[in-house]
Amino acid sequence: MTPTLFGRLQTRLALYLLIGLPVTLAIAFRASGWSWPPAAEPCWFIATLFALGLVLEPVYFQMQRFRWDQDWPFAFFAFFSVMEFLAVYAAMRLDWLPYLPACLQSRLDPARQVPVCQVPSLTLAEAAAHFGLVFVPMLIALLAGLQIFMVRWRYRGGQFGRFPVID
Amino acid sequence: MMPIEIQVRDAGGRTLARFRLADEGEYQIGREQAKVEIPLVDGSVSRRHAAVRLSGGRLFVTDSGSTNGTRLGETPLGKHWYEWLAGVPLVVGIFTLVYEPGDFAEEAPAVETDDERTAPVPRAGTADPVPWLESEFPGRLFARDTVPVAEIVASGKLAGETDYLAVGGGIGSFVWVDHLRIWGVPQDRIRVIGVTASCYEKWKEYCENSQIPGRERIRSNSISTPDNLWGFPGYALRETWREVKGGDIRGFRHILKVFGEPTLAETYTPRADDVYAALDREELRIGWRQMLTFGRAIALRKTDDGRYVLAYKIPADQAGDSDRDRYFLARVVQLATGYPTTRYLDDLQSFKRQNRGSNRVVNAYEEHEGIYRALAERGGTVVVRGRGIVASRVLQRLHETRQRNKQIGVLHLMRGPVEAGAAFDLARRAVGYDVEMQPFNWPKACWGGEYRRLLEAAAPEKRVELLSAWGGTTTAERADWMAILSAGKREGWYRIYFGEVKKMRLKNDKVVTEIVAKGPFSETLDLVADYVIDCTGLIADVTSSPFLKDLLARYNPPRNKATGSGPDQRLAGIAVTNQFEIAALRNGPGRVYAAGVVTQNGPYAAVDSFLGLQYAALRSTDHLAAARAPGLRRMGPLRSFVQWLKWTAGAKP
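Taken in sequence, the protein lines are chains V and Z.
Okay, so the first sequence: first residue is 1 according to UniProt numbering, each after it adds one.
Okay, so the second sequence: first residue is 1 according to UniProt numbering, each after it adds one.
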């Protein structure tokens, strides 16, 4: 991949809309027993992941400028995606995300008199499964899916739409 | 003129009837016996089905709006006149009409050498500006900017008309035609004038001469697929699929390479044979052979009705010498004529001039198998000039030859050591073994990333600056090739020299290369060798093609700026718009596009790569679609997906 900055942002937005959103809704409804409202935690989790990605894309683009080919290998995409996931998960566990507390329900440990988490909002396994279900289709879409529908996408550094036509 | 006899055959090949056409003029084919000259009585034939015209001793045919249609060979006929060549079956309903060449010409044309297919031998100092127009075909008819269509028709040499005409017939033409077909243009609205049956023949010849036989890998990306405009499945996935299906689990290494390249793995590159096979398949799918007319382009002119007329010569084995001249009319023309000739550096040119017939000095793109054969038998010393990808291939081949004869020494001559790679923005190109390393011949972002955008947006002066920064001779970082050089240095049969060549001469059956060494002393050295293989690459000079030279002289379209010097020289291509149109040739609704090396140093860097040709085709096809050119639909996600499914299924677009 040789994305441009605008292409990076557009592609990320499209991937989260096309893959992240439906997968997350399915997970959230499953967690709520297929009843309204869906569980909030998976939604907040994926939204945070997306927001972090938008902030990081300009950073990645600057890193790309140090590469002679100005490319971004798929391996990099995979590596940094996993890093983003771990960062968001860690932030949640550290209770840095006010809208996504690490723990939904605590009890006081009678011996040591400290709160112990009884119902974590997302376990590592849940979060990792969620991430995996979003990430793997995204990687496949980047490798194969998008260009089948968007013939110009790969020439435009990941931007969508047509080339400007000047007569 | 001899009369022509047309035979009518049934499905079993039995001749049912014969019709003699003695006079020039039009002959109707149809079911109504009283009203047509060639009656074919069957329900599958319309009352007025088709018409044949005898003109200038040649036959033309058109469909007269029949119910079931008319086919010439595999081509369904439209309302235009198509030339009906001898031996090609004309299918009308249940009948097949044919005529033999013997029924026609005064005498069978002698077999002669086919001047279209001469190898790319350098022709130093080509002909003067178009003197042949005065005397030879197309003569005075073309001695003006705009040619009246009436005069072309009156000449009797008009072979047909079409909406889209691709001139060249190589991979550049093929990719453009492939796009047109997938954008919706039917087969019978496209014509290709080319000199080879398969689009990749010329390219294959270059590959083989520069030591890339079919089993070897070319320097191209997995998703640069001229047979598939989506780039999916790429060559890596196809190779993986084939090997894994065959039970070889190691096949997964190909897609793992694509995943990790170029940082964690060597860049994946496809096998030449796989590319040929893929192109064969796509040629069949889009009907390439049915659209192809053998011919060598002579000249192109605007016509007075907003079209273009191409003058071309058909091969000597298809017509007598005086009868090889043809015209074709088209609304939209694409020029992708490729490398006009391989050009030598100046000192090599003078050597060739002074020692005609000597095979001691060759360009790597020329056929030079004899050198390896002679080396394998007798041994000897070879000077390899240049440091590009072809040089590394030739070194690899010499190493292979050394396995059969150890008495082979290699002197590798380069202009100077490479201390540091080229720099641009925040990046610097890697260097190793005195060569700048890069997976492909341009930084990857030139194909579809930030560099593509930058170059397109830049003014001509800025473009030259950018191209100079990104260009230059490079080779791919490959472990096999580097291992050979290390072994060669260690074992003493490979030695590097840095210097500028002053002159080459022949002495006692050896080639002496006089060089001025690079460095503080500038000492003069004589390299004595049996052979010199020049790997400094192809220099594309559009003026060495008579066809392009005439076009430039006639319409004077703006040219791009030249860049570089010596082996890195890139001469001025014809200026094109960002949509690859030669704006100076616009003729009312008519348009001329170009692709490939003809457009070098323009809005796109990698014009002579697979993906570059695909890009040029995409931009020009989109441009035509936006102008609502005939037959073209707009390519949105749904159409793209449906067409991709058809590609996958091998169905016609």
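In this text, a Cβ means the ideal position worked out from N, Cα and C, and glycines have one as well.
Keep in mind that this is a model prediction, so the values were computed, not measured.
I need the boundaries of the beta strand (DSSP E) containing residue i, first residue and last residue.
i              : result
P460 (chain Z) : Counting along the chain, P460 (chain Z) falls outside any beta strand (DSSP E), though it belongs to the alpha helix (DSSP H) covering P460 to W470.
V119 (chain V) : P115 to P120
Y593 (chain Z) : R591 to A594
A529 (chain Z) : T524 to A529
K257 (chain Z) : Premise fails: K257 (chain Z) lies in the alpha helix (DSSP H), R253 to G260, not in any beta strand (DSSP E).
T11 (chain V)  : Unbroken run through T11 (chain V) is the alpha helix (DSSP H), L5 to L15; no beta strand (DSSP E).
Q7 (chain Z)   : I4 to R9
L264 (chain Z) : Careful: L264 (chain Z) lies outside any beta strand (DSSP E) and carries neither H nor E.
Closest to residue i by C-alpha separation, out of the options, would be which residue?
i              : options                           : result
M138 (chain V) : V:L5, V:L25, V:W72 and V:L15      : V:L15
G519 (chain Z) : Z:G380, Z:S64, Z:R285 and Z:P417  : Z:P417
P653 (chain Z) : Z:E436, Z:A34 and Z:L180          : Z:L180
T146 (chain Z) : Z:A575, Z:I371, Z:V642 and Z:R554 : Z:R554
E400 (chain Z) : Z:P315, Z:V275 and Z:A487         : Z:A487
Q187 (chain Z) : Z:L292, Z:R353 and Z:A457         : Z:L292
A595 (chain Z) : Z:V177, Z:G87 and Z:G139          : Z:V177
E74 (chain Z)  : Z:P226, Z:R20 and Z:L284          : Z:L284
D227 (chain Z) : Z:G471, Z:R71, Z:Y27 and Z:D280   : Z:D280
Name the DSSP bridge partner or partners of residue i?
i              : result
Y494 (chain Z) : Z:V410
E41 (chain V)  : Answer by DSSP bridge pairing: none, since E41 (chain V) is not bridged.
F60 (chain Z)  : Z:R53 and Z:E83
E26 (chain Z)  : Z:R53
G437 (chain Z) : Looking at the sequence provided, one finds Met at residue 437 (chain Z) rather than Gly. Bridge partners of M437 (chain Z): Z:A430 and Z:T475.
K510 (chain Z) : Z:K507
E161 (chain Z) : Z:L329
A111 (chain V) : Note: A111 (chain V) sits in no beta bridge, so no partner.
For residue i and residue j, I'd like the C-alpha separation in whole angstroms.
i              : j              : result
I404 (chain Z) : R378 (chain Z) : It should be noted that the sequence gives Arg, not Ile, for residue 404 (chain Z). Going from the Cα of R404 (chain Z) to the Cα of R378 (chain Z) covers about 10 Å.
G170 (chain Z) : E201 (chain Z) : 8 Å
P233 (chain Z) : I4 (chain Z)   : 51 Å
G13 (chain Z)  : A50 (chain Z)  : 21 Å
R570 (chain Z) : Y89 (chain V)  : 53 Å
R639 (chain Z) : R156 (chain V) : 19 Å
D480 (chain Z) : Q70 (chain V)  : 26 Å
V185 (chain Z) : L348 (chain Z) : 47 Å
I255 (chain Z) : A476 (chain Z) : 19 Å
V45 (chain Z)  : V91 (chain Z)  : 10 Å
N68 (chain Z)  : Q600 (chain Z) : 47 Å
L97 (chain V)  : F76 (chain V)  : 27 Å
A144 (chain V) : Y235 (chain Z) : 12 Å
P120 (chain Z) : P340 (chain Z) : Unreliable positioning characterises P120 (chain Z) in this predicted model, as indicated by a pLDDT of 32, which lies under 50. A coordinate reading is not provided.
K79 (chain Z)  : T62 (chain Z)  : 6 Å
R117 (chain Z) : V195 (chain Z) : Here R117 (chain Z) scores only 30 on pLDDT, less than 50, and its place in the model is too uncertain to base an answer on.
F580 (chain Z) : V98 (chain Z)  : 41 Å
Y206 (chain Z) : L5 (chain V)   : 38 Å
G25 (chain Z)  : V88 (chain Z)  : 20 Å
E84 (chain V)  : A40 (chain V)  : 20 Å
S322 (chain Z) : V361 (chain Z) : 38 Å
L13 (chain V)  : I46 (chain V)  : 12 Å
R107 (chain V) : P120 (chain V) : 12 Å
F131 (chain V) : G172 (chain Z) : 43 Å
What is the DSSP secondary structure of residue i, counted as helix, strand or coil?
i              : result
A17 (chain Z)  : strand
K503 (chain Z) : strand
T48 (chain V)  : helix
A76 (chain Z)  : Checking the sequence shown, residue 76 (chain Z) turns out to be Pro, not Ala. Here P76 (chain Z) sits in strand by DSSP.
Y99 (chain Z)  : coil
P131 (chain Z) : Because the pLDDT of P131 (chain Z) is 33, which lies under 50, any placement of that residue in the model is unreliable, and the number read from its coordinates should be weighed accordingly. Correct three-state label for P131 (chain Z): coil.
E581 (chain Z) : strand
A150 (chain Z) : helix
D227 (chain Z) : coil
F137 (chain Z) : coil
Y339 (chain Z) : coil
G247 (chain Z) : coil
Q600 (chain Z) : coil
Taking the alpha helix (DSSP H) that residue i belongs to, which residues open and close that run?
i              : result
S106 (chain V) : Where S106 (chain V) is concerned, there is no enclosing alpha helix (DSSP H), although the beta strand (DSSP E) it sits in stretches over C103 to L108.
G612 (chain Z) : F610 to A626
Y555 (chain Z) : P546 to Y555
K204 (chain Z) : E201 to N209
G370 (chain Z) : E369 to R378
Y155 (chain V) : Per DSSP, Y155 (chain V) belongs to no alpha helix (DSSP H) and is neither H nor E.
F174 (chain Z) : I171 to I182
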